[in-house]
Amino acid sequence: MDRNKPLRLIGLSSTEPEKQTKLTLNHLCQLPAQCPIEKCISTVFKDDMLQHLAQRHFRSNVKKHLQVAFNGERCTLVFDVSQLIGTQTICLGVLLYGGVRGKHSQLPGEREFCYHNRLKEDSGLESLKDYLPIMVLVKRTTFLCWALVDRKMESQEDLNGKQSKDLKQVKHLDFSNDTHPKCSEESIKRCDSGQKNNDLKTTTEAEQEEIMDSDILIIWTQSAPCIRPLHVAMTVFNSTLSVGRSAMRCVANSGQMYTEIGGKDLPKDRHSLLITQQELKEICGAEHHLHLELILHEPLE
Numbered sequence: 549m550d551r552n553k554p555l556r557l558i559g560l561s562s563t564e565p566e567k568q569t570k571l572t573l574n575h576l577c578q579l580p581a582q583c584p585i586e587k588c589i590s591t592v593f594k595d596d597m598l599q600h601l602a603q604r605h606f607r608s609n610v611k612k613h614l615q616v617a618f619n620g621e622r623c624t625l626v627f628d629v630s631q632l633i634g635t636q637t638i639c640l641g642v643l644l645y646g647g648v649r650g651k652h653s654q655l656p657g658e659r660e661f662c663y664h665n666r667l668k669e670d671s672g673l674e675s676l677k678d679y680l681p682i683m684v685l686v687k688r689t690t691f692l693c694w695a696l697v698d699r700k701m702e703s704q705e706d707l708n709g710k711q712s713k714d715l716k717q718v719k720h721l722d723f724s725n726d727t728h729p730k731c732s733e734e735s736i737k738r739c740d741s742g743q744k745n746n747d748l749k750t751t752t753e754a755e756q757e758e759i760m761d762s763d764i765l766i767i768w769t770q771s772a773p774c775i776r777p778l779h780v781a782m783t784v785f786n787s788t789l790s791v792g793r794s795a796m797r798c799v800a801n802s803g804q805m806y807t808e809i810g811g812k813d814l815p816k817d818r819h820s821l822l823i824t825q826q827e828l829k830e831i832c833g834a835e836h837h838l839h840l841e842l843i844l845h846e847p848l849e
């Protein structure tokens with residue numbers, strides 16, 4: 549036996565592992581997505597998100613709901629928890645991600661991190677065409693609704709993205725596929741006429757309070773499509789900074805070939821900060837105002 553001869557390890561492949569292909573703008577799905585905000589039936593293309601929010605949802609005071617956010621810098625939003633309507637998704641505001649502060653050439657749209665925002669000439673938002681819009685969403689729901697949804701189950705889009713080794717540009721769009729459930733004519737007529745359902749029982753004040761205690765608050769961020777994932781540190785606290793809760797989460801739709809959250813669906817665990825009603829009482833106390841701090845982070849390549 550030649551001791552100087554190197555040993556050959558059995559079971560190890562001599563070939564180098566395949567490198568994962570980096571996403572580019574051509575790889576991102578071209579299909580429009582349904583707006584996540586409640587009672588909005590619009591489907592929005594990837595580059596129309598900012599214009600849609602400004603025109604349809606923030607028409608009265610657009611700039612009040614927009615906030616420029618740079619990598620590693622904190623942004624703060626304040627909202628009244630008591631004003632949230634149950635089971636409805638509400639947009640608290642929009643973060644305009646601009647990359648690293650001071651580097652205009654490094655704006656997401658300039659370096660092809662995301663698509664340019666398609667804005668109207670008279671919108672007054674033309675200077676924001678290269679920023680990545682990120683919605684800050686909140687929803688009050690019940691613990692039962694949250695627990696019954698399998699949020700860890702990967703969607704068909706996730707599976708398709710993992711199964712395809714070679715990323716290809718989407719060329720064919722299928723707008724005839726309609727998978728959304730339809731309301732029955734009887735339900736529509738009942739809603740239009742204002743007819744009440746006699747089968748529903750009235751609840752006492754004690755029962756209503758018990759139901760409210762089972763409510764939870766879900767906070768998450770959702771961006772227009774981009775080629776790399778973004779992380780966000782979310783912290784909720786009271787006005788005196790004495791009580792709070794924080795978590796590191798992923799920005800939904802960032803760094804994904806396909807949309808992660810479809811329409812009005814609840815976010816996955818990796819996207820959302822969950823706050824129970826008891827935690828809200830501990831944080832807010834007698835006040836109803838909740839402070840939300842967000843810090844975006846873009847990992848290095």
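Add 548 to the 1-based position in the sequence shown for the working numbering, that's all there is to it.
Even for Gly, the Cβ is constructed at its ideal location relative to N, Cα and C.
Subject >> For L640, the three-state DSSP class (helix, strand or coil) >> reply: Strand.
Original post:
Straight-line CA distance for L842 to L625?
Top reply: Taking the straight line from one Cα to the other gives about 8 Å.
**OP:** Could you tell me the distance, in whole angstroms, from the CA atom of P729 to the CA atom of I589?
**Re:** Residue confidence for P729 is low, a pLDDT of 44 falling below 50, so the modelled location carries little weight and cannot support an answer.
**OP:** Tell me where the alpha helix (DSSP H) around K829 begins and ends.
**Re:** That run of the alpha helix (DSSP H) goes 825-832.
Subject >> CB contact flag (P580, L685, <8 Å) >> reply: The Cβ atoms of P580 and L685 do not sit closer than 8 Å to each other.
**OP:** Report all residues from its chain with a CB closer than 8 Å to the CB of Q599; omit the five preceding and five following residues, and keep chain order.
**Re:** Contacts found: N665, R666, L667, K668, S671, L673.
Original post:
When the cut-off is 8 Å and only beta carbons count, does D813 lie next to chain B?
Top reply: In summary, chain B is missing from the structure at hand, where a single protein chain is found.
Subject >> Nearest-angstrom Cα separation, counted from A834 out to Y806 >> reply: Going from the Cα of Y806 to the Cα of A834 covers about 43 Å.
Subject >> Length at least 3, wholly inside the region 668-703: the beta strand (DSSP E) runs in chain order >> reply: Correct list: 680-690.
**OP:** Check each candidate in V642, P681, H605 and name the one with the smallest Cα separation from G657.
**Re:** The option with the nearest alpha carbon to G657 is P681.
Subject >> Cβ-Cβ separation, Q770 to M683 (assumed contact under 8 Å), whole Å >> reply: With a Cβ gap of about 5 Å, M683 and Q770 count as contacting.
**OP:** Kindly examine the ligand SAM and report whether one of its heavy atoms sits closer than 7 Å to the Cβ of E846.
**Re:** Of the ligands one can find in the structure shown there are none, so the ligand SAM has no counterpart to examine.
Subject >> Environment of G647 [buried if 16+ CB atoms lie within 10 Å] >> reply: For G647, the number of other beta carbons within 10 angstroms of its own is at least 16, and it is reported as buried.
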